[in-house]
Amino acid sequence: MTGPVEPRRGAVRPVSVRLTGGFWARRQTVNGTATMRHSRTWMDRLGWTGNFRAPGTAVTRGREFSDSEVYKLAEALCWESARPGGEPHDDELAELTALIGGAQDADGYLHTAYGRPGQPRRYSDRHFGHDLYCAGHLIQASVAAARTGRAPGLLDIGIRAADHICAEFADDGFCGHPEVETALVELYRVTGERRYLDQAAAFVNRRGHRSLPEHEFGWQYFQDAVPIRSGTVFHGHAVRALYLAAGAVDVAVETGDDELLEAVARQFDRTLARRTHLTGGMGSRHMDESFGEDFVLPPDRAYSETCAGVATVQLAHRLLLATGDPRYGDIVDRVLHNVIATSIADDGRSFFYANTLQQRTPSEAPTFKKFSGGARAPWFEVSCCLNNMARLIASLGSYFATEDSGGVQLHQFAPMRVEAGGMVLDVDTGYPDDGVVTVTVVEAPAVPRTLTLRVPEWAAGADGVHRRVFQAGERIRLDLPMRPRWTFPDPRADALRGCAAVEVGPIVMCAESTDQEDGVHLDEIQVDTSVAPEAGAAKGRRAKPADSGWPYRSHRPALERPDPVVVPLLPYHRWARRGPSTMRIWLPTT
Ligand SMILES: [Zn+2]
């Protein structure tokens with residue numbers, strides 16, 4: 053099986069591996085059974101699937117982007133059905149294909165909230181209408197159908213939608229929410245129809261000239277303030293910015309537009325250096341779900357939308373395929389283990405929309421309307437994140453390894469079977485709990501091959517490159533140091549100054565109130581970074597400042613009772629699974 057991203061050019065080629073156990077295989081099982089069923093149940097209950105059943109009725113239920121959730125679920129069901137060991141969902145896919153196709157207009161337009169008597173006109177809200185955004189997800193679902201051989205008929209629906217878009221937007225216009233760009237390039241990759249690629253390129257190039265109506269958050273909210281070619285850093289709504297960047301990479305790769313590729317890579321580098329939380333999460337502003345300025349990274353106001361995490365994985369993977377630069381694997385590793393793994397509940401039936409890095413008050417149950425907070429919710433009015441994770445996790449085997457003419461590159465570590473670069477490999481590891489990765493050669497050609505295991509930035513010095521004639525049965529071992537380590541923020545990140553965090557391998561650790569000694573509040577903890585942290589704890593002291601009527605003083609505040617304490621820590625992705633709690637990743641230092 054192939055995956056969601058299949059470039060025709062690039063430094064390395066994608067391959068799909070079979071995850072055979074461990075951290076992500078377990079989540080794939082929960083995803084393919086519980087999460088997809090849960091999602092369908094909610095969308096039926098709220099009428100989002102029902103909207104497709106009654107084309108011609110004026111009133112639709114949900115929001116202007118609710119159609120996209122049905123498409124994302126269809127995409128996820130395709131990947132899951134084709135995944136080795138996955139749960140087949142062919143009957144549901146057949147039903148969804150009929151449902152979706154039944155709502156498509158004769159000219160290929162498909163959106164249940166526009167264009168019919170009593171509804172707003174098609175494309176009448178270029179700001180926020182999400183017509184093309186939804187079409188993009190439809191097209192991506194149709195690509196998944198084509199690549200997996202599932203959902204017969206869905207590809208034709210996607211093609212009709214794309215043909216309509218090419219006719220309607222031949223000369224001008226684009227969508228307030230990027231997404232269709234990357235979808236059109238992928239449809240070009242499936243069909244070979246050049247007009248889809250040209251349309252995607254036009255959408256990328258038209259953007260950035262303030263041609264959309266001005267938004268209350270400014271043109272930068274939807275990346276219409278500066279052409280992406282001349283941008284310096286990602287800005288505005290984080291998910292929009294990352295989807296656009298992914299589409300721009302796709303266009304750049306297929307058209308040989310190195311200037312565009314370099315522009316995106318440069319902006320991603322700067323975004324990672326200045327606008328990314330320790331977890332790999334992106335987004336610092338709740339009001340407009342946007343990046344902050346450089347170094348605006350307050351842990352207690354971190355937005356870090358789960359979809360921004362999904363989009364970061366998608367973008368980094370595209371840049372990895374284009375350039376072969378293994379550094380992109382580092383951010384994928386970080387986001388998977390600290391954003392995606394955090395968002396989803398163990399049973400796959402609730403999730404975080406925003407992934408805060410600090411919870412100051414014991415988390416309350418979230419509500420349908422309120423996306424941020426310290427507890428996972430079964431569903432939100434805007435439930436983009438759960439189906440986004442469902443399609444990512446179901447296709448996760450496409451993100452772990454690549455090949456080129458010289459051999460195989462392993463970018464992520466899990467128990468898995470890899471068939472690539474002329475070799476068959478079995479990988480065994482307890483990663484991320486354990487740093488030993490053992491690769492057993494099952495088959496290899498009688499010519500030299502290069503097997504490259506990514507050495508994460510925190511494991512510098514390890515050697516991951518092996519070139520020789522490999523023999524069946526031989527083993528290659530990579531031993532990554534999993535000693536807990538202190539991590540300090542850039543001093544320009546004001547909200548983090550004077551704090552440190554603990555990381556273990558790719559895992560960001562946190563302190564949760566549930567684990568602290570009786571009476572120790574997380575606001576009162578200071579950690580001693582002169583003492584090496586242990587996996588489950590750091591040494592420090594309890595240092596309660598004296599309360600006063602005004603929180604500013606002419607001198608440094610004295611501390612009441614600076615008692616030594618041990619601060620228990622746990623992986624950030626495990627927090628908020630034991631009832632209401634407070635939590636922090638960044639810990640003030642003594
Ligand atoms: Zn989302």
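In the working numbering, the protein residues as written are 53 to 642. Built from N, CA and C at the ideal position, the CB exists for glycine as well.
May I have the straight-line CA-CA distance separating residue i from residue j, to the nearest angstrom?
i, j, result
"E357", "Y273", "15 Å"
"A254", "R262", "15 Å"
"S447", "V365", "12 Å"
"R353", "D215", "42 Å"
"V122", "N390", "27 Å"
"M334", "G525", "43 Å"
"S120", "C186", "5 Å"
"Q156", "A196", "19 Å"
"G84", "S402", "14 Å"
"T502", "P585", "37 Å"
"H182", "G225", "13 Å"
"R258", "A298", "16 Å"
"D456", "L373", "10 Å"
"G153", "R386", "39 Å"
"L330", "R412", "18 Å"
Under 7 Å from any heavy atom of ligand 1, does the C-beta of residue i make it?
i, result
"T502", "no"
"E433", "no"
"E357", "yes"
"C186", "no"
"Y405", "yes"
"N257", "no"
"E551", "Strictly speaking, residue 551 in this sequence is Cys, with Glu absent from that position. No, the Cβ of C551 stays beyond 7 Å of every heavy atom of ligand 1."
"C436", "yes"
"N390", "no"
"S440", "For the record, residue 440 in the displayed sequence is Asn; it is not Ser. Result yes, Cβ under 7 Å from ligand 1."
Is it true that the CB of residue j sits closer than 8 Å to the CB of residue i?
i, j, result
"S633", "T581", "no"
"A498", "M475", "no"
"R469", "V69", "yes"
"I211", "T243", "yes"
"R178", "P265", "yes"
"V256", "G188", "no"
"L207", "A198", "yes"
"M441", "I392", "yes"
"K50", "E576", "This structure cannot settle anything about residue 50, because the visible part of the chain is limited to 53 through 642."
"G48", "L621", "Because residue 48 is not part of the residues shown, which for the chain are 53 to 642, the question remains open."
"Q319", "G344", "no"
"A165", "E245", "no"
"P508", "I559", "no"
"S450", "P66", "yes"
"R105", "L145", "no"
"V493", "F452", "no"
"G400", "H90", "yes"
"R174", "Y161", "yes"
What residue from the options has the CA that sits closest to residue i's CA?
i, options, result
"G562", "A514, V619 and M468", "Just to set this straight, residue 562 is Cys in the shown sequence, not Gly. Considering only alpha carbons, the answer is V619."
"F347", "G84, D276, D546 and H607", "D546"
"R520", "D480, G459 and L98", "G459"
"D531", "V583, W94 and F465", "F465"
"E133", "M88, P169, A155 and R168", "The question names Glu, but residue 133 is Ser in the sequence shown. Residue M88 is the option with its Cα nearest to S133."
"F420", "L312, C436 and L409", "C436"
"R292", "R544, A252, A86 and G228", "G228"
"R630", "H141, Q461, P414 and V517", "P414"
"R506", "S600, D377, R593 and E564", "D377"
"G260", "D276, G270, E268 and S176", "D276"
"I191", "T454, Y604 and L125", "L125"
"G516", "R529, W510 and Q523", "R529"
"L371", "V434, I445, T454 and G426", "T454"
"R327", "F269, G154 and Y355", "Y355"
"R97", "P430, N407 and L477", "P430"
Could you tell me if the beta carbon of residue i falls within a distance shorter than 7 Å of some heavy atom in ligand 3?
i, result
"N103", "Inclusion of ligand 3 in the displayed structure is not the case, the ligand content consisting of ligand 1 alone."
Spatial neighbours of residue i within its chain, please: CB distance less than 8 Å, with the 5 preceding and 5 following residues excluded, ordered by chain position.
i, result
"E306", "P59, R60, R61, V237, Y240, R241 and L249"
"L294", "F286, M334, A360, A363, T364, Q366 and L367"
If I measure Cβ to Cβ from residue i and keep anything under 6 Å in the same chain, skipping five residues before and after, which residues do I get?
i, result
"D480", "P467 and T490"
Spatial neighbours of residue i within its chain, please: CB distance less than 7 Å, with the 5 preceding and 5 following residues excluded, ordered by chain position.
i, result
"G99", "R113 and G114"
"R281", "E311, L312 and A315"
"V572", "R594 and V617"
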